[in-house]
Amino acid sequence: MEASTTAPSSSSSSFFRDLKSRELNGIRVRKRPRFDDLSSDSGVISIEHDGNPNPPLAVSFCNMIERFHLLAVSDEDGYLSFYDTRRKLPSLGSFRESVGEARVCDWVAHNNAIFDLCWIQDDMRILTASGDQTIKVWDVEKKACISALIGHTGSVKSLSCHPSNPGLLVSGSRDGSFGIWDLRCNHRPQHSSEELSLTPTAIVNGAHMPAKRKGTRRIKTGSMSITSVLYLKDEISIASAGAVGSEVKFWDTRNLKAPVTSMSCIEAANEKEKSRHGISSLSQDSSGMFLTASCMNNRIYLYNILQLHKGPMSTFSGNQLDTFYVKSAISPDAAHILSGSSDGNACIWQVKRPQEGPLRLEGHEGEVTAVAWCPSETGKLATCSDDFTVRIWNTQNRSFTCTTSPSSVRRRVMATPGINCRKLFADEEQDTNPSKADRTSSLLADNLIKGHSPSKIILHGVSTPKSAKKKLSASFTDEVTEMDKTPEAALKSPSSVLNPPSSLKRRTIRDYFVPVL
1 MEASTTAPSS SSSSFFRDLK SRELNGIRVR KRPRFDDLSS DSGVISIEHD GNPNPPLAVS
61 FCNMIERFHL LAVSDEDGYL SFYDTRRKLP SLGSFRESVG EARVCDWVAH NNAIFDLCWI
121 QDDMRILTAS GDQTIKVWDV EKKACISALI GHTGSVKSLS CHPSNPGLLV SGSRDGSFGI
181 WDLRCNHRPQ HSSEELSLTP TAIVNGAHMP AKRKGTRRIK TGSMSITSVL YLKDEISIAS
241 AGAVGSEVKF WDTRNLKAPV TSMSCIEAAN EKEKSRHGIS SLSQDSSGMF LTASCMNNRI
301 YLYNILQLHK GPMSTFSGNQ LDTFYVKSAI SPDAAHILSG SSDGNACIWQ VKRPQEGPLR
361 LEGHEGEVTA VAWCPSETGK LATCSDDFTV RIWNTQNRSF TCTTSPSSVR RRVMATPGIN
421 CRKLFADEEQ DTNPSKADRT SSLLADNLIK GHSPSKIILH GVSTPKSAKK KLSASFTDEV
481 TEMDKTPEAA LKSPSSVLNP PSSLKRRTIR DYFVPVL
């Protein structure tokens with residue numbers, strides 16, 4: 001394997017500059033939302049067209065920061081609607097009379113239910129997966145269908161886009177197959193309409209085919225359905241889940257003859273018990289490090305994607321999953337898990353405190369199905385229900401404290417060995433073109449150490465017990481040694497899977513699935 005041998009001196013220098021900035025300025029901490037005081041939602045959106053209410057099936061916020069307020073909603077009648085969540089949304093008592101106030105636009109995208117949505121290409125286009133066995137690519141501004149993806153023989157249940165290439169996506173269908181599509185390929189005109197069509201570049205049939213039992217003549221279509229697919233952050237691997245088997249399979253897109261590995265969410269004594277429970281949805285955080293599987297045994301399992309052989313990190317319970325329409329999603333920062341529930345409530349768990357049980361978001365009058373986190377506004381989320389409504393919940397205004405208050409500033413004091421401490425400031429002085437943040441640090445240092453020139457900072461001695469000096473010195477040596485590791489050694493870290501160096505031969509998630517014997 002070829003590897004670059006460039007020494008990471010710049011990263012080492014940056015590390016010490018950042019360390020100095022934290023020493024002088026303190027760490028400004030933006031507190032995570034506290035959901036214990038969340039008792040009401042920010043607004044209720046009634047999903048209806050021409051006076052006819054429709055149950056919503058999928059919701060998705062825009063990914064771009066400048067359009068994060070835009071929410072896409074699909075429903076059972078095939079409508080695709082867009083809502084501006086910045087507007088004052090109707091309250092519970094008036095939402096029936098204010099149906100169109102927050103709606104930006106809508107149109108009939110399919111002549112059947114739309115089960116999933118996926119934004120692509122800087123949110124200028126959106127994908128719709130429908131019960132008419134097709135996926136359509138829509139230009140949001142022109143409200144025009146650009147292409148229809150044809151190849152499944154059952155309802156398309158799930159979509160997931162490539163993490164960095166907007167032209168690639170994977171879809172899962174009720175026919176038991178998942179397909180990989182490349183939107184850059186040539187599209188062909190359809191005979192029955194003016195829309196262009198595209199066929200999959202690869203398709204895997206019977207990906208979750210249940211084992212045939214004795215005396216069974218035919219396997220039911222629903223039992224082999226793909227319920228959820230995910231394009232993982234290593235940009236090569238795909239995760240899929242089915243309606244039976246409680247099993248998640250992982251595939252290498254370069255060789256789809258067989259899955260790389262699989263894991264069962266339920267540890268049961270026999271295969272019959274495992275097959276009773278399927279998985280309704282998969283989700284991953286923004287880093288791709290954590291994956292959740294929402295199982296039909298009323299449990300949500302959290303996994304470290306690089307340590308699947310160790311089993312789930314945590315298990316979350318308290319919601320009710322009676323149908324595969326009930327979905328769950330992990331927050332972008334992997335701090336919370338949000339899920340629908342068949343009892344009419346949405347549930348939120350803290351990832352670090354699974355034993356505490358969920359906080360219930362009450363208000364819906366039907367099964368809560370699809371849920372979504374706003375990727376650019378912390379604490380904002382959407383839930384949709386069979387009561388023909390979508391509710392927007394916003395905890396940001398109530399749950400965050402001012403980041404400029406004294407309580408939100410933490411100062412870190414460390415007993416730094418003399419040599420490393422002087423090197424820390426020496427690296428700063430060698431910076432001939434300091435940034436604005438560095439200049440601010442220098443000004444603050446002047447205020448803290450009055451009477452000394454900015455260019456020469458006098459370091460006061462720090463008394464450290466002899467027993468601790470060796471530990472501190474060793475820790476700093478380990479830090480620098482870690483930075484000086486070769487690229488081959490860096491590949492063993494989890495971050496190499498998420499952001500592999502372009503100069504190295506790419507390793508895939510396959511290399512991390514095999515447990516060390």
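Residue 134 in full-length UniProt numbering sits at position 134 of the sequence shown, and the numbers go up by one each step. C-beta: ideal position from N, C-alpha, C; glycine also.
Practice problem: Label H162 either buried or exposed according to how many other C-beta atoms from any shown protein chain fall within 10 Å of its C-beta, with 16 as the threshold for buried. | Solution: buried
Self-check item: Bridge partners - H336, DSSP secondary structure assignment
Solution: DSSP lists Q350 as the beta-bridge partner residues of H336.
Exercise. Please classify E235: does DSSP put it in a helix, a strand, or coil?
Key: Of the three classes helix, strand and coil, the one that applies to E235 here is coil, per DSSP.
Practice problem: Tell whether a beta-carbon distance below 9 angstroms holds between R125 and V104. | Solution: No, Cβ-Cβ distance for R125 and V104 is not below 9 angstroms.
Quiz item: Quick one: what's M263 bridged to in DSSP?
Solution: BP columns for M263 point to V248.
Quiz item: Is T134 buried or exposed, if buried means 16 or more other CB atoms sit within 10 Å of its CB?
Solution: buried
Quiz item: Can you give, in chain order, each stretch of the beta strand (DSSP E) that sits fully within the UniProt repeat "WD" (107-148) and has at least 3 residues?
Solution: 114-120, 125-130 and 134-139
Quiz item: For K142, which residues of its own chain have a beta-carbon under 6 angstroms away from its beta-carbon, when the five flanking residues on both sides are left out?
Solution: none
Quiz item: Buried or exposed: where does C374 fall if 16 or more other Cβ atoms within 10 Å of its Cβ makes it buried?
Solution: buried
Exercise. Measure the Cβ-Cβ separation of T227 and S281 and say whether it is below 9 angstroms.
Key: Yes, they are a contact pair.
Exercise. Starting from V326, follow the beta strand (DSSP E) in both directions and report where the run begins and ends.
Key: Premise fails: V326 is in no beta strand (DSSP E) and is neither H nor E.
Quiz item: Taking I330 as the reference, which of R353, A372 and N345 has the closest Cα?
Solution: A372
Quiz prompt | C-alpha distance - residue 520 paired with V170, whole-angstrom precision | solution = Beyond the ends of the chain as shown, which are 1 and 517, falls residue 520; an answer cannot be given.
Quiz prompt | Straight-line gap, W181 to L149 (C-alpha atoms, nearest Å) | solution = Going by the C-alpha atoms only, they are around 8 angstroms apart.
Quiz item: What are the start and end residues of the beta strand (DSSP E) that includes C384?
Solution: K380 to S385
Practice problem: Pick helix, strand or coil for I65, following the three-state DSSP scheme. | Solution: helix
Self-check item: Assigned secondary structure, S287 (DSSP; H/G/I helix, E/B strand, else coil)
Solution: Here S287 carries a coil assignment [DSSP, helix/strand/coil].
Practice problem: Identify the continuous beta strand (DSSP E) that holds R391 and give its terminal residues. | Solution: T389 to N394
Quiz item: Excluding five sequence neighbours on each side, which residues of the same chain lie with their C-beta closer than 6 angstroms to the C-beta of T383?
Solution: Taking C-beta separations shorter than 6 angstroms and ignoring five residues to either side along the sequence, the partners of T383 in its chain run A346, V368, V371 and R391, following chain order.
Quiz prompt | Member of G278, K136, I266 and E267 whose CA lies at the smallest distance from the CA of S240 | solution = Comparing Cα positions, the closest option is G278.
Quiz item: In chain order, what residues of the same chain lie with their CB nearer than 7 angstroms to the CB of R67, ignoring the 5 residues before and after it?
Solution: D123
Quiz item: Assuming L89 and I45 make a contact with CB atoms under 8 angstroms, what is their CB distance in whole Å?
Solution: That belief holds up - the Cβ atoms of L89 and I45 are roughly 6 angstroms apart, short of 8 angstroms.
Quiz item: Using a Cβ-Cβ cut-off of 7 angstroms (strictly less than) and excluding sequence neighbours within five positions of P259, which residues of its own chain qualify?
Solution: K249, F250 and W251
Exercise. Going by DSSP, name the residue or residues bridged to H49.
Key: When DSSP reads this structure, H49 sits in a beta bridge with N52.
Quiz item: Name the DSSP beta bridge partners of I279, please?
Solution: C295
Quiz item: Going by beta carbon distance, what residues of the same chain come within less than 8 angstroms of L196, once the five residues before and after it are set aside?
Solution: The answer, listed in chain order, is I146, S147, A148, H187, R188, P189 and Q190.
Quiz item: Excluding sequence positions up to five away, which residues of its chain have a Cβ less than 7 angstroms from the Cβ of N297?
Solution: So the qualifying residues of the chain are I266 and H277.
Quiz prompt | Helix, strand or coil at L256 according to DSSP, with G and I counted as helix | solution = coil
Exercise. Classify K310 as helix, strand or coil using the three-state DSSP reduction.
Key: helix
Quiz item: DSSP beta-bridge partners for C105?
Solution: F82
Self-check item: DSSP state of S164 mapped onto helix, strand, coil
Solution: In the structure shown, S164 sits in coil (DSSP, three-state: anything other than H, G, I, E or B).
Quiz prompt | Rounded straight-line distance, which links the Cα of G344 to that of E362 | solution = 7 angstroms
Quiz item: Quick one: Cα of E23 to Cα of N63, how far?
Solution: Residue placement at E23 is poorly supported in this model, since its pLDDT is 44, which falls under 50; the coordinates still yield a value, given next. In a straight line, the C-alpha of E23 is about 34 angstroms away from that of N63.
Self-check item: For S223, the three-state DSSP class (helix, strand or coil)
Solution: helix
Quiz item: I238 and V229 look like a contact to me (Cβ under 8 angstroms); what is the Cβ gap, rounded to whole Å?
Solution: 6 angstroms
Quiz prompt | Closest Cα partner of L381 within the set G151, H69 and H110 | solution = Considering only alpha carbons, the answer is H69.
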